[in-house]
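In my numbering, the protein residues as written are 13 to 214. Glycine residues also receive a C-beta, built at the ideal position from the N, C-alpha and C atoms. From a predicted model like this one, the values you see are computed outputs, not experimental measurements. Comments concern the structure below.
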Ligand SMILES: *[C@@H]1O[C@H](CO)[C@@H](O)[C@H](O)[C@H]1NC(C)=O
Ligand SMILES: *[C@@H]1O[C@H](CO)[C@@H](O)[C@H](O)[C@H]1NC(C)=O
């Protein structure tokens, strides 16, 4: 019985392998070809997650005071989801969504960079974030093109005027908090599709 079972598993494995070869030679669109991209995206997201925590350059004490202030950047992506969200996701839609969020953060972070420059605030974290967002956005774009899904276009938001260094800090705090939420969401999405595409664990 066990032998038959093993024989069947082996046969299935060969069939899957054969199918993979057929698919990858006819159309490079197969799930397994995403694995490399998912891994690279996760890497960018993890770097961003670390940066989001340091982007505002505030001490814990200052954070406590700022935490009471209203948040005002309506143009920032508001990432809300429930557990059910992850079980009903489709690769095409989720990647398009992730691309839109990434584009939006790219614009916000680049706006933040100008503001921080204007007030001579430290730029290192925004600059690195900007670079990682740029890489992430290119990776998602490549994935979207692989599944022949349209790359979403979005119009740039209009940003408020930043007239004080305090405003700059407040906005950078808000951007970094939302960026962190985006990273948590993206990690879960990418891990889900890694499992779904049976990507090898790294
Ligand atoms: C996304 O892919 C699913 C199948 O996985 C398909 O049913 C759906 O129409 C696609 N959606 C779009 C917007 O292309
Ligand atoms: C930075 O300063 C320039 C020149 O004063 C101004 O045009 C720009 O809007 C400022 N950027 C931000 C984000 O406040």
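How many whole angstroms separate the CB atoms of residue 121 and residue 145, which I take to be in contact at a CB cut-off of 8 Å?
What you label residue 121 is simply residue 109 of the chain shown in a count that begins at 1. What you label residue 145 is simply residue 133 of the chain shown in a count that begins at 1. Residue 121 to residue 145, Cβ: 6 Å. Contact.
Going by CA-CA distance only, name the one from 174, 112, 187 that's closest to residue 150.
Here residue 150 refers to the residue found at position 138 when the chain shown is read from its first residue. Ranked by Cα distance from residue 150, the first of 174, 112, 187 is 112.
Residue 219 to residue 87 span [Cα, whole Å]:
There is no way to answer for residue 219, as the model of the chain reaches only from 13 to 214.
Option in 103, 89, 173, 56 with minimal Cα separation from residue 189
Working through the chain shown from its first residue, we reach residue 189 at position 177. Nearest of 103, 89, 173, 56 to residue 189, Cα basis: 89.
For residue 143, the nearest candidate out of 50, 209, 55, 47 (CA to CA)
Sequence index remark: in the chain shown, residue 143 carries index 131 (1-based). Closest by alpha carbon: 55.
Taking 8 Å as the cut-off, is the C-beta of residue 202 nearer than that to any heavy atom in ligand 1?
Locating residue 202 in the chain shown gives position 190, counting from the first residue. Ligand 1 has no heavy atom closer than 8 Å to the beta-carbon of residue 202.
Backbone CA spacing between residue 114 and residue 134 [nearest angstrom]
To locate residue 114, count along the chain shown from 1; it is residue 102. To locate residue 134, count along the chain shown from 1; it is residue 122. Looking at the two C-alpha atoms, the distance is approximately 23 Å.
Cutting at 8 Å between CB atoms, please list the residues of its own chain near residue 39, excluding the five before and the five after it.
Translated into the one-based positions of the chain shown, residue 39 becomes position 27. Because residue 39 sits at a pLDDT of 42, beneath the cut-off of 50, its placement in the model cannot be relied upon, and the point is left open.
Indicate, with yes or no, if ligand 3 has a heavy atom lying under 8 Å from the CB of residue 71.
Absent from the structure shown: ligand 3. Ligands present: ligand 1 and ligand 2.
Simplified DSSP assignment, three categories, for residue 47
Working through the chain shown from its first residue, we reach residue 47 at position 35. Helix, per DSSP.
Pick out every residue whose C-beta is nearer than 5 Å to a heavy atom of ligand 2: which are they, in chain order?
126, 127, 130, 174
Buried or exposed: which applies to residue 74, given that a residue is buried once 16 or more other Cβ atoms fall within 10 Å of its Cβ?
Indexing the chain shown from 1 puts residue 74 at position 62. Burial call: exposed.
Give the straight-line distance between the Cα atoms of residue 210 and residue 200, rounded to the nearest whole angstrom.
Residue mapping note: residue 210 aligns to position 198 of the chain shown, counting from 1. Residue mapping note: residue 200 aligns to position 188 of the chain shown, counting from 1. Taking the straight line from one Cα to the other gives about 15 Å.
Going by C-alpha distance, which of 48, 91, 65 is nearest residue 198?
Here residue 198 refers to the residue found at position 186 of the chain shown. Among 48, 91, 65, the Cα nearest to that of residue 198 is on 91.
Should residue 150 be listed as close to ligand 1, given that the test is whether its C-beta is under 8 Å from any heavy atom?
For the purposes of this step, residue 150 is taken as the residue at position 138 of the chain shown. Every heavy atom of ligand 1 is 8 Å or more from the Cβ of residue 150, so no.
Once you ignore the five residues that flank residue 212 on each side, which residues in its own chain have a CB closer than 8 Å to its CB?
Residue 212 sits at position 200 when you count from the first residue of the chain shown. If we look at residue 212 and ignore the five residues flanking it on each side, its Cβ neighbours are 47.
Beta-carbon gap between residue 128 and residue 64 smaller than 9 Å
For this step, residue 128 is matched to residue 116 along the chain shown. For this step, residue 64 is matched to residue 52 along the chain shown. No. Outside cutoff.
Residue closest to residue 84, alpha-carbon to alpha-carbon, out of 103, 119, 171, 77:
The residue you call residue 84 lines up with position 72 of the chain shown. The candidate whose alpha carbon is nearest that of residue 84 is 171.
Rounded to whole angstroms, what is the Cα-Cα separation between residue 202 and residue 53?
Counted from its first residue, the chain shown places residue 202 at position 190. Counted from its first residue, the chain shown places residue 53 at position 41. Answer to the nearest angstrom: the Cα atoms are 8 Å apart.
Evaluate residue 50 with the Cβ neighbour count: other Cβ atoms within 10 Å of its Cβ, from every protein chain shown; 16 or more gives buried, anything less gives exposed.
By one-based count along the chain shown, residue 50 stands at place 38. So residue 50 ends up on the buried side.
Using CA atoms only, rank isn't needed, just tell me which of 105, 66, 204 is closest to residue 160.
The residue you call residue 160 lines up with position 148 of the chain shown. That would be 105, whose Cα lies nearest to the Cα of residue 160.
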